[in-house]
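Mapping to my numbering: the sequence shown position 418 is 429, numbers consecutive.
See structure below.
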Amino acid sequence: MSVSKKPMVLVILDGYGYREDQQDNAIYSAKTPVMDALWAKRPHTLIDASGLEVGLPDRQMGNSEVGHVNLGAGRIVYQDLTRLDVEIKERTFFANPVLTAAVDKAVAAGKAVHIMGLMSPGGVHSHEDHIMAMVELAAERGAEKIYLHAFLDGRDTPPRSAEKTLATFEAKFAALGKGRIASLIGRYYAMDRDNRWDRVEQAYDLLTLAKGEFQADTAVAGLQAAYARDENDEFVKATVIRAAGQADAAMEDGDALIFMNFRADRAREITRAFVSADFDGFARKKVVNLDFVMLTEYAADIKVACAYPPASLVNTFGEWMAKHDKTQLRISETEKYAHVTFFFNGGVEEPFKGEERILINSPKVATYDLQPEMSSAELTEKLVAAIKGGKYDTIICNYPNGDMVGHTGVMEAAVKAVEALDRCIDQVAQAVESVGGQLLITADHGNAEQMRDRPPARRTPPIPICRFADLRR
Numbered sequence: 012m013s014v015s016k017k018p019m020v021l022v023i024l025d026g027y028g029y030r031e032d033q034q035d036n037a038i039y040s041a042k043t044p045v046m047d048a049l050w051a052k053r054p055h056t057l058i059d060a061s062g063l064e065v066g067l068p069d070r071q072m073g074n075s076e077v078g079h080v081n082l083g084a085g086r087i088v089y090q091d092l093t094r095l096d097v098e099i100k101e102r103t104f105f106a107n108p109v110l111t112a113a114v115d116k117a118v119a120a121g122k123a124v125h126i127m128g129l130m131s132p133g134g135v136h137s138h139e140d141h142i143m144a145m146v147e148l149a150a151e152r153g154a155e156k157i158y159l160h161a162f163l164d165g166r167d168t169p170p171r172s173a174e175k176t177l178a179t180f181e182a183k184f185a186a187l188g189k190g191r192i193a194s195l196i197g198r199y200y201a202m203d204r205d206n207r208w209d210r211v212e213q214a215y216d217l218l219t220l221a222k223g224e225f226q227a228d229t230a231v232a233g234l235q236a237a238y239a240r241d242e243n244d245e246f247v248k249a250t251v252i253r254a255a256g257q258a259d260a261a262m263e264d265g266d267a268l269i270f271m272n273f274r275a276d277r278a279r280e281i282t283r284a285f286v287s288a289d290f291d292g293f294a295r296k297k298v299v300n301l302d303f304v305m306l307t308e309y310a311a312d313i314k315v316a317c318a319y320p321p322a323s324l325v326n327t328f329g330e331w332m333a334k335h336d337k338t339q340l341r342i343s344e345t346e347k348y349a350h351v352t353f354f355f356n357g358g359v360e361e362p363f364k365g366e367e368r369i370l371i372n373s374p375k376v377a378t379y380d381l382q383p384e385m386s387s388a389e390l391t392e393k394l395v396a397a398i399k400g401g402k403y404d405t406i407i408c409n410y411p412n413g414d415m416v417g418h419t420g421v422m423e424a425a426v427k428a429v430e431a432l433d434r435c436i437d438q439v440a441q442a443v444e445s446v447g448g449q450l451l452i453t454a455d456h457g458n459a460e461q462m463r464d465r466p467p468a469r470r471t472p473p474i475p476i477c478r479f480a481d482l483r484r
């Protein structure tokens with residue numbers, strides 16, 4: 012007869028940071044009697060989750076992916092952002108064999124080089140400096156038709172901050188005497204990660220057909236028109252950039268397409284739309300045979316060229332548990348499921364031996380301020396059942412509310428999200444106590460503690476909370 016296990020439960024409150032300033036602080040403003048009591052009575056401390064402490068450049072803001080990779084590794088892990096910065100500085104980027112091969116093949120055949128990615132200085136999913144380097148690489152290797160497809164941020168950057176970036180790139184193309192920005196669209200459409208294929212379809216059609224809801228002569232003009240429609244960067248609708256007399260930039264067989272996002276989770280869906288033979292997210296109006304290059308590996312089952320394959324992380328938490336025949340559960344909503352599995356496991360897609368996973372669907376709403384509690388009630392119900400079930404040595408759970416609602420910039424909604432989390436933590440703590448387990452509560456990075464920007468870019472450095480409660484005593 013098996014002995015019922017007393018699990019160690021790690022709860023990661025995504026985007027739940029610490030900040031002494033009370034103004035625009037949803038966590039301070041919320042009524043959180045449970046978290047307040049744990050903080051007052053149990054061992055606790057503060058930890059950094061940005062910059063050098065998590066393998067990023069100094070003062071670079073943290074994010075969910077970085078936080079989970081470092082948590083799962085138990086050590087500082089140097090990130091793709093840092094790796095690419097060094098490659099560009101040392102100019103090894105310009106000799107990358109995968110990137111150069113794709114460009115050279117297109118040039119030899121008289122085909123176009125398309126570059127797409129999040130045009131942002133945010134450094135979370137991409138960096139504009141990397142995209143600029145890719146433009147320079149293509150130009151240096153003789154590409155004449157260089158088409159840049161700009162996904163706009165406004166989520167990890169202020170909501171209307173893209174104009175400077177677009178103007179810089181337009182000036183660069185003018186100086187080169189070739190190439191141009193060919194399209195604009197907000198990341199809301201191009202970088203979905205929750206199987207909202209209607210959004211991805213709009214981005215796909217814009218890129219493959221050069222057809223969008225709007226058209227402008229220049230990227231800056233297209234952005235200004237979007238602002239006039241009250242669309243912030245994240246939500247800019249599909250806009251074709253083409254002046255009179257210019258050929259369209261529709262993608263054609265034999266063209267090269269370089270995807271310059273380095274973070275995987277929001278790059279997967281649109282990548283699959285381009286490269287998966289059995290893709291069924293939507294009916295593709297045009298299927299193009301492209302020389303597709305992903306900057307980093309977005310998923311092990313996406314079989315296309317990868318410029319920077321993942322560096323192997325060994326002896327992560329999940330791997331260590333498996334080696335010692337321990338059982339573990341990973342559980343979260345759709346929005347953070349990849350973080351508590353793939354990223355926490357150091358980029359390993361397949362579960363380790365003894366690792367089980369539970370996915371709770373995030374609510375299908377346009378923005379999470381409309382349902383700030385998200386699916387936390389269902390998530391908590393499943394988590395409590397797992398705690399009491401006695402099956403797992405360790406349970407790792409992510410609650411996405413602080414980050415996802417924090418990103419909306421709606422203070423009232425963020426307060427409601429934090430209060431919903433407090434009620435969930437109460438149930439989790441009681442369940443852990445009832446079985447004599449242990450509970451560790453922390454964050455991956457901050458967000459909801461700073462709501463001044465709408466939506467807020469994460470602060471540098473964000474300071475998350477690390478709280479420990481030994482509930483066996």
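A virtual CB, placed ideally from N, CA and C, is assigned to each residue, including glycine.
Suppose contacts are defined by Cβ-Cβ distances below 8 Å. Is A459 in contact with G417 by that definition?
Taking the first residue of the sequence shown as position 1, residue 459 is located at position 448. Taking the first residue of the sequence shown as position 1, residue 417 is located at position 406. Result yes, Cβ atoms of A459 and G417 sit closer than 8 Å.
Q.
With three or more C-beta pairs closer than 8 Å as the rule, is the segment 134 to 154 touching the segment 102 to 111?
A. yes
E330 to V65 span [Cα, whole Å]: As a position in the sequence shown, residue 330 is number 319, starting the count at 1. As a position in the sequence shown, residue 65 is number 54, starting the count at 1. Near 20 Å, if we compare the C-alpha coordinates of V65 and E330.
request  = Establish whether the CB of P132 and some CB of chain C are separated by less than 8 Å.
outcome  = Absent from the structure is chain C; it holds one protein chain and no more.
Original post:
A154 to A117, Cα distance in whole Å?
Top reply: Position 143 of the sequence shown, counting from 1, holds the residue named residue 154. Position 106 of the sequence shown, counting from 1, holds the residue named residue 117. Between A154 and A117, the C-alpha separation is close to 8 Å.
Practice item. Would you identify the three-state DSSP class for H141, choosing helix, strand or coil? Key: Start at 1 with the first residue of the sequence shown, and residue 141 comes out as number 130. Three-state DSSP puts H141 in a helix.
3 or more residues per run - each beta strand (DSSP E) lying fully within the segment 251 to 294 | 267 to 270
Check your understanding: Can E280 and V351 be called in contact, C-beta distance under 8 Å?
Key -> Locating residue 280 in the sequence shown gives position 269, counting from the first residue. Locating residue 351 in the sequence shown gives position 340, counting from the first residue. Not closer than 8 Å, so no.
Notebook entry, point to check: When the Cα atoms are used, what is the spatial distance from S61 to Y89?
Noted result: The residue you call residue 61 lines up with position 50 of the sequence shown. The residue you call residue 89 lines up with position 78 of the sequence shown. Their backbone Cα atoms lie some 12 Å apart in a straight line.
Self-check item: Same chain, Cβ closer than 6 Å to G358, five either side skipped, listed in chain order
Solution: Here residue 358 is taken as the residue at index 347 of the sequence shown, counted from 1. If we look at G358 and ignore the five residues flanking it on each side, its Cβ neighbours are P321.
- Message: What does the Cβ neighbour count give for P44, buried or exposed, with the cut at 16 atoms within 10 Å?
- Response: Here residue 44 refers to the residue found at position 33 of the sequence shown. Exposed, by the Cβ-count rule.
Please classify I474 as buried or exposed, where buried requires at least 16 other C-beta atoms within 10 Å of its C-beta. Translated into positions along the sequence shown, residue 474 becomes position 463. Low per-residue confidence applies at I474: pLDDT is 48, beneath 50, and the placement is therefore not dependable enough to give any value.
**Prompt:** Smallest Cα separation from S373: which of M415, F225 and M332?
**Reply:** On the sequence shown, position 362 is the one that residue 373 refers to. Checking every option, the nearest Cα to that of S373 belongs to M415.
- Start and end of the alpha helix (DSSP H) containing I38? The count along the sequence shown starts at 1 and reaches residue 38 at position 27. Segment A37 to S40, the alpha helix (DSSP H) holding I38.
Checklist entry - What's the gap between the Cα of A278 and the Cα of F104? => result As a first step, residue 278 is located in the sequence shown; it is residue number 267 there, counting from the start. As a first step, residue 104 is located in the sequence shown; it is residue number 93 there, counting from the start. Straight-line Cα distance between these residues: approximately 21 Å.
Within the continuous alpha helix (DSSP H) that includes M462, where are the two ends? The residue you call residue 462 lines up with position 451 of the sequence shown. Careful: M462 lies outside any alpha helix (DSSP H) and carries neither H nor E.
(message) Just to confirm my understanding: we take K297, look at its own chain, exclude 5 residues before and 5 after, and list those with CB closer than 7 Å. What are they?
(response) For the purposes of this step, residue 297 is taken as the residue at position 286 of the sequence shown. Only T219 and L220 meet the Cβ criterion.
_Only counting the same chain, and skipping five residues up and downstream in sequence, which positions put a Cβ closer than 7 Å to that of K393?_
Taking the first residue of the sequence shown as 1, we reach residue 393 at position 382. Counting only Cβ-Cβ distances below 7 Å, and skipping sequence neighbours, we find I342, I369 and I371.
- Task: Compare the Cα-Cα distances from I398 to each of E423, A260, K364 and S445 and report the closest residue.
- Result: For the purposes of this step, residue 398 is identified with residue 387 of the sequence shown, where counting begins at 1. Nearest of E423, A260, K364 and S445 to I398, Cα basis: S445.
- Pick from L92, A239, N36 and I38 that is closest to D140, judged by C-alpha positions: Locating residue 140 in the sequence shown gives position 129, counting from the first residue. When each option's Cα is compared against that of D140, the closest is L92.
Grouping DSSP H, G and I as helix and E and B as strand, with all else coil, what is D69?
Start at 1 with the first residue of the sequence shown, and residue 69 comes out as number 58. The answer is coil: DSSP assigns D69 none of H, G, I, E or B.
Simplified DSSP state of H125, which is helix, strand or coil
What you label residue 125 is simply residue 114 of the sequence shown in a count that begins at 1. Reduced to three states, the DSSP call for H125 is strand.
Taking its Cβ as the centre, do 16 or more other Cβ atoms sit within 10 Å of P54, making it buried, or is it exposed? If you number the sequence shown from 1, residue 54 lands on position 43. Exposed: under 16 other Cβ atoms inside 10 Å.
Exercise for the section: Select from D164, I192, N300 and Q438 the residue whose C-alpha is nearest the C-alpha of A254. Expected result: Locating residue 254 in the sequence shown gives position 243, counting from the first residue. A254 has its Cα closest to that of I192, out of D164, I192, N300 and Q438.
Please report the Cβ distance between L21 and L451, rounded to the nearest whole angstrom; I am assuming they are in contact, meaning their Cβ atoms lie under 8 Å. As a first step, residue 21 must be located in the sequence shown, where it is residue number 10. As a first step, residue 451 must be located in the sequence shown, where it is residue number 440. Between L451 and L21 the Cβ distance is about 5 Å, and since that is below 8 Å, they are a contact.
Output needed for V395: all residues of its chain with C-beta closer than 7 Å, excluding positions within five of it in sequence on either side, in chain order. In the sequence shown, residue 395 corresponds to position 384, counting from 1. Q438, V439 and A442, listed in sequence order.
What number of angstroms, rounded off, separates the C-alpha of Q213 from the C-alpha of Y200? If you number the sequence shown from 1, residue 213 lands on position 202. If you number the sequence shown from 1, residue 200 lands on position 189. For Q213 and Y200, the distance between alpha carbons rounds to 7 Å.
Practice prompt. Determine the burial state of Q461: buried for a count of at least 16 other Cβ atoms within 10 Å of its Cβ, exposed for fewer.
Written response: For the purposes of this step, residue 461 is identified with residue 450 of the sequence shown, where counting begins at 1. The residue in question, Q461, is buried, as its Cβ has 16 or more Cβ neighbours within 10 Å.
Q: Could you tell me which of K375, N272, M46 and K183 sits nearest to C317, measuring between CA atoms?
A: The residue labelled residue 317 in the question sits at position 306 within the sequence shown. It is N272.
Are the beta-carbon atoms of H125 and A267 separated by less than 8 Å?
Position 114 of the sequence shown, counting from 1, holds the residue named residue 125. Position 256 of the sequence shown, counting from 1, holds the residue named residue 267. Contact: yes.
message: One question on the structure: do Q226 and V247 come within less than 8 Å of each other, judged by their Cβ atoms?
response: Working through the sequence shown from its first residue, we reach residue 226 at position 215. Working through the sequence shown from its first residue, we reach residue 247 at position 236. No; because the gap between Cβ atoms is not below 8 Å, this pair is not in contact.
Just verifying my parser: in three-state terms, what is the DSSP assignment at S343? Position 332 of the sequence shown, counted from the first residue, corresponds to residue 343. Strand.
Practice problem: Express the C-alpha separation of N412 and E384 in angstroms, rounding to a whole number. | Solution: In the sequence shown, counting from the first residue as 1, residue 384 sits at position 373. In the sequence shown, counting from the first residue as 1, residue 412 sits at position 401. Those two C-alpha atoms are separated by around 7 Å.
Assuming N243 contacts R171 (C-beta within less than 8 Å), just tell me the rounded distance between them.
Taking the sequence shown and counting its residues from 1, the one referred to as residue 243 is at position 232. Taking the sequence shown and counting its residues from 1, the one referred to as residue 171 is at position 160. Contact holds; Cβ gap of about 6 Å.
Exercise for review: Return helix, strand or coil for F184, following the three-state DSSP convention.
Suggested key: In the sequence shown, counting from the first residue as 1, residue 184 sits at position 173. DSSP places F184 in helix when its eight states are reduced to three.
May I have the straight-line CA-CA distance separating Y29 from L57, to the nearest angstrom? Sequence index remark: in the sequence shown, residue 29 carries index 18 (1-based). Sequence index remark: in the sequence shown, residue 57 carries index 46 (1-based). The alpha-carbon atoms of Y29 and L57 are separated by roughly 8 Å.
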